[in-house]
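Encoded as structure tokens, the structure appears first; notes follow it.
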Amino acid sequence: MSDQEARVVAQVDKRLFIGGTWRDAASGNAFEVEDPSTREVLCEVADAGKEDALDALDAAHRAQADWMRTAPRDRGEILYRGYELLMERREDLAVLMTLEMGKPLAEARGEIAYAAEFLRWFSEEAVRIEGGFSTSPDGKSRFLVMRQAVGPCMLITPWNFPMAMGTRKIGPAIAAGCTMILKPAHQTPLSALALAGILSEAGLPEGVLSVIPTTDPGSVTEPLLSDGRIRKVSFTGSTAVGRKLLEQSAGQVLRTSMELGGNAPFLVFDDADMDAAVDGAMLAKMRNIGEACTAANRIYAQAGIAEEFAERLSRRMGALRLGRGVDEGVDVGPLIDDKARDKVQGLVDDAVGKGARVLVGGGPGDGPGHFYKPTVLADVPFEAELSTTEIFGPVAPVLPFETEDEVLRAANDTEYGLVSYVYTRDLNRALRVSENLETGMVGLNQGVVSNPAAPFGGVKHSGLGREGGRVGIDEFLETKYVGIGGI
Ligand code: NAP
């Protein structure tokens, strides 16, 4: 580790943050956090257990009543200060994130800004929580509709966007007046702990946010979800774990928000602007080393342009520099662990076994980290396993298609429905295809859909609810109606 890297790791408190206090785990246990590009141990972090989780719940429950009565402007000001602090410390936070997660520094800087924007957006939404007043159709009573904080929330986040997945939940929860317990992924607890420190410095009262990293997520979250004092769970992660949490949420009939897996189709029609489509595919595929729920998983190119498109894409992919994310000039970092790399290799081998051609890449990169070379596969048959499985790595399979009907059928032939991308210059086709794609979001002639001001979320097995946009705060609010008679 360089001096700067050692300094940013040393700055973070590695203990649990519970009820406004930093403390060790009740068990005294700690776990190691690794740099996925070197496999070096960066530090040890306190490992929360059930007892710590219940302490965090006590704190959240105690703080809830006062917190929901604070002035919305005050909640907004805390969020705004949090936004400013994240931006002031962007460089150190980006290095920290790259060390624990592996993404190139430029992308980590981008994520800190993206994460900060959720705090700014929801600082503005905190003061716009509106209800309603109306007269019943028979004129005999009045309807007063008010919106109130749901109550203490359990927030569970993945490793791929260690800061933004936190602020995307914490921002609206604070704005709405909810208290919360955040359980970050065990691979990337440092960004979440740094965020807790920043929000505390921004003025967040004790108990409103607790952060409890753990290596045993089930034993920490299950007792909280079954307790009755938690009123909502907001989860981002795999569909398999999401399903499990939905089952656990049934006992206490919890409100749930689920941002789950994806399998994004990327459609390039033969009338598309080819330069824009290649640029868009690079973004949709390679953002975050391909480890994004929004990553283009299946690139369908119309037969007349499929070959040229695949070749141009492979030239761009072949020019990317693989390496340690903190080093200058690196475009692609390592995958999160060996399991992820083995999965990617298995999917490539399966596609090649079924007739796909490797245009570039196709195997692991050099060095001790979990590197995988940027890869383009041409002539991938629809029945290849990666058509139905989330790749989560830097592999771009190009699948040729003939007609709009055929590609729509293929695009929708998946349990997932998070996002799809369409490149065409035909306005009628653009709208028709957008309407017919079974996804919660569509990138029309653009390769990125994530934006704090837009409603992010999926349909089918990609999830429930939306994060960001005007509706993001709704996930943390209950609607109460008061019927007024005798007027
Ligand atoms: P994951 O294995 O589902 O883990 C996500 C989080 O759930 C982690 O904090 C994990 O803790 C925790 N967890 C695991 N098992 C649990 C259990 N039994 N009870 C409670 N919590 C549990 O997913 P991942 O591999 O980290 O993330 C990749 C997945 O997230 C992909 O499928 C991706 O598409 C999806 N994702 C979706 C979105 C979206 O907005 N739709 C955004 C980003 C990522 P540990 O780390 O300790 O295992």
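So the sequence shown is numbered by full-length UniProt numbering: it starts at 1 and just counts up by one. Note that CB positions come from ideal geometry on N, CA and C, so glycine has one too.
Got a sec: does the ligand NAP put a non-hydrogen atom nearer than 7 Å to the Cβ of S257? no
Identified DSSP bridge partners for C293: Answer is none; C293 lacks a bridge partner.
Spatial neighbours of R90 within its chain, please: C-beta separation below 8 Å, excluding the five flanking residues on both sides. R109, I112, A113 and A116
Endpoints, the beta strand (DSSP E) within which K103 is located: First-last for K103: undefined, no H or E at that position.
Beta-carbon proximity check, L86 vs I198, cutoff 8 Å: yes
Among G367, T98 and P172, whose alpha-carbon lies nearest the alpha-carbon of R120? P172
What does DSSP give as the partner residue(s) for C43 in the beta ladder? V33
Cβ-heavy atom distance, C43 to the ligand NAP, below 7 Å: no
Would you call S234 buried or exposed, if buried means 16 or more other Cβ atoms sit within 10 Å of its Cβ? buried
Buried or exposed for Q4, going by 16 or more other Cβ atoms inside 10 Å? exposed
Do the CB positions of P400 and F371 come within less than 8 Å of each other? no
Please check the pair I156 and G237, which I expect to be a contact at CB under 8 Å, by giving their CB distance rounded to whole angstroms. 7 Å
Can you give, in chain order, each stretch of the alpha helix (DSSP H) that sits fully within the segment 242-289 and has at least 4 residues? 274-286
Look at V150 and G131 and say whether their C-beta atoms are less than 8 Å apart. no
Closer than 6 Å by C-beta to D426: which residues in its own chain qualify, once you throw out the five before and the five after it? Chain order, please. D271
On the CB-based measure, 16 or more other CB atoms within 10 Å of its CB, does K169 come out buried or exposed? buried
First and last residue of the uninterrupted beta strand (DSSP E) at R357: R357 to V360
By the three-class DSSP mapping on this structure, what secondary structure does Y114 have? helix
Name the DSSP beta bridge partners of E467, please? F456
Assumed close pair S257, L225 - CB separation to whole angstroms, cut-off 8 Å: That pair is no contact at about 14 Å.
Under 8 Å by Cβ, that's how I've got R357 and D379 pegged, so tell me the actual separation to the nearest angstrom. 5 Å
Would you mind reading off the limits of the alpha helix (DSSP H) that contains E402? No alpha helix (DSSP H) contains E402, which DSSP labels as neither H nor E.
Can you tell which of T221, Q148 and G203 has its C-alpha closest to the C-alpha of P184? T221
So, for Q446: in the same chain, excluding its five sequence neighbours on each side, which residues have a beta-carbon less than 7 Å away from its beta-carbon? G280
Could you compute how far the alpha carbon of L377 sits from the alpha carbon of T439? 25 Å
Burial state of V33, where buried means 16 or more other Cβ atoms lie within 10 Å: buried
Test item: CB-CB of Q252 and G218 under 8 Å: no
Name the DSSP bridge partner or partners of W22? F17
Please determine whether the Cβ atom of I212 lies at a distance below 7 Å from any heavy atom of the ligand NAP. no
Leaving out five residues before and five after E201 in sequence, what residues of the same chain have Cβ atoms less than 7 Å from its Cβ? L85
Can you tell which of V12, D350 and I181 has its C-alpha closest to the C-alpha of R231? I181
With distances taken between CB atoms, is the gap from V419 to M441 smaller than 8 Å? yes
Taking DSSP as the reference, what is the three-state secondary structure of I198? helix
Neighbourhood of D92 by C-beta, 6 Å cutoff - its chain only, sequence neighbours within 5 removed: V8
For L246 and C153, I'd like the C-alpha separation in whole angstroms. 14 Å
Span of the alpha helix (DSSP H), counted from its first residue to its last, around L86: P72 to E88
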